[in-house]
Amino acid sequence: MAYCAPRSAASANELTLFCLPYAGGSAAVYREWQQRLPAWIKLVPLHMPGRGVRHAMRALHAWPALLDLLLADAAPYLGGPFAIFGHSMGALIGFEFAHAIRERHGVDPAWLGVSACKAPGRRQRELHWLNCPESEFLDEVRSLNGMPEELLANREFMDLVLPFLRADFHLCGSYAYRQRPPLDCPMLVLGGTQDREIAREPDNLAAWSRETRGAFEQHAIDADHFFINTHRDAVIGLVISSLARAFQFSGQSGNALACSRV
Numbered sequence: 001m002a003y004c005a006p007r008s009a010a011s012a013n014e015l016t017l018f019c020l021p022y023a024g025g026s027a028a029v030y031r032e033w034q035q036r037l038p039a040w041i042k043l044v045p046l047h048m049p050g051r052g053v054r055h056a057m058r059a060l061h062a063w064p065a066l067l068d069l070l071l072a073d074a075a076p077y078l079g080g081p082f083a084i085f086g087h088s089m090g091a092l093i094g095f096e097f098a099h100a101i102r103e104r105h106g107v108d109p110a111w112l113g114v115s116a117c118k119a120p121g122r123r124q125r126e127l128h129w130l131n132c133p134e135s136e137f138l139d140e141v142r143s144l145n146g147m148p149e150e151l152l153a154n155r156e157f158m159d160l161v162l163p164f165l166r167a168d169f170h171l172c173g174s175y176a177y178r179q180r181p182p183l184d185c186p187m188l189v190l191g192g193t194q195d196r197e198i199a200r201e202p203d204n205l206a207a208w209s210r211e212t213r214g215a216f217e218q219h220a221i222d223a224d225h226f227f228i229n230t231h232r233d234a235v236i237g238l239v240i241s242s243l244a245r246a247f248q249f250s251g252q253s254g255n256a257l258a259c260s261r262v
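Numbering (the UniProt record's numbering) for the sequence shown: 1 to 262.
Shown next as structure tokens:
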């Protein structure tokens, strides 16, 4: 069963913006976004297994099954212009999601935003996350500053979230890059200057430019990995500005949202 926003597909003068969360996150990451977006952007957060409206679903840690699920969710919206944004794991999923839509439906997204994520060709495989000792796993979670210590120490809470958190880490760690023709859409790349893993090598973000033939822009935010939470207004502002540069919107009847290269 597909879980999407209750409204139907976007009209001709709307852009659908699919949003994907970071590892361990849910669609709630984007709950405050819609009220801050202009009327021509319709937010459609995509729901991950094991949380939110899919809390009863078993966590998925295999790429084909996850992409099948998300493609079913997205299908009602693909008749109009759409864009994709994801943070960390969500950016990597968003990239593969864009290619899956191209392969199955013959269309590219009109824009792709990737945040706090190494470029696909720069990633290394890490296959131990499903079975490594819990202490090792929690040390990695702590290093990212993504979860308060009081939650990490809450046994009941951790028993609930560890299965899908491990599944998410395995999903990222098992990623295998494939050479494919680049996408044809504008791309926005965001990174935190204090993100210990990504910021150490400039090409971790700059290499995203190889994944599109469209306009490319990159911005740094003075924060660590989870700047999507600590600097939400800045992120939303950059996303809106990038979309506005990539598109021309007319509110006149019969005019559609049209893509233009920067």
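For glycine and all other residues, C-beta sits at the position ideal for the given N, C-alpha and C.
Please classify residue i: is it buried, with 16 or more other beta-carbons within 10 angstroms of its beta-carbon, or exposed?
i    : result
S242 : buried
E197 : exposed
A10  : Note that A10 scores a pLDDT of 47, beneath 50, so its modelled location is shaky and nothing firm can be said.
A59  : buried
P186 : buried
T212 : buried
L165 : buried
A28  : exposed
T16  : buried
P21  : buried
D168 : buried
P45  : buried
L127 : exposed
F18  : buried
A244 : exposed
F82  : buried
G106 : exposed
P49  : buried
A65  : exposed
R54  : buried
R51  : buried
If you follow the beta strand (DSSP E) that residue i is part of, which residue opens it and which one closes it?
i    : result
H47  : Per DSSP, H47 belongs to no beta strand (DSSP E) and is neither H nor E.
W111 : W111 to S115
A220 : F216 to I221
Which whole-angstrom value is the C-beta distance of residue i and residue j, which I expect to be below 8 Å?
i    : j    : result
G90  : E14  : So it is not a contact: roughly 22 Å between Cβ atoms.
C117 : S88  : 6 Å
L183 : V239 : Their Cβ separation, rounded to whole angstroms, is 17 Å, which puts L183 and V239 out of contact at 8 Å.
F227 : I236 : Incorrect: roughly 12 Å between the Cβ atoms, too far for contact.
Y77  : R123 : The Cβ separation is near 28 Å, so there is no contact.
R142 : G173 : Not really, about 18 Å apart at Cβ, beyond 8 Å.
L70  : F97  : 6 Å
Could you pull the DSSP bridge partners for residue i from this structure?
i    : result
G146 : None, per the DSSP bridge assignment.
L43  : L17
T212 : L183
G191 : A220
Which residue comes first and which comes last in the alpha helix (DSSP H) that contains residue i?
i    : result
L15  : Not the alpha helix (DSSP H): L15 falls in the beta strand (DSSP E), residues L15 to L20.
F227 : F227 to T230
L37  : Looking at the DSSP string, L37 is not in any alpha helix (DSSP H), and its letter there is neither H nor E.
D108 : It is not in any alpha helix (DSSP H) - D108 carries neither H nor E in the DSSP assignment.
N131 : Neither: N131 is in no alpha helix (DSSP H) and is coded neither H nor E.
A206 : D203 to A206
Kindly say whether residue i, judged by its beta-carbon, lies nearer than 7 Å to any beta-carbon of chain D.
i    : result
R142 : Protein chain content of the structure displayed is limited to a single chain, and chain D is not contained in it.
Q | Complete runs of the alpha helix (DSSP H) confined to the region 60-90 [at least 4 residues] | A | 63-74
Q | Minimum length 4: unbroken alpha helix (DSSP H) runs contained in the region 152-189 | A | 155-173
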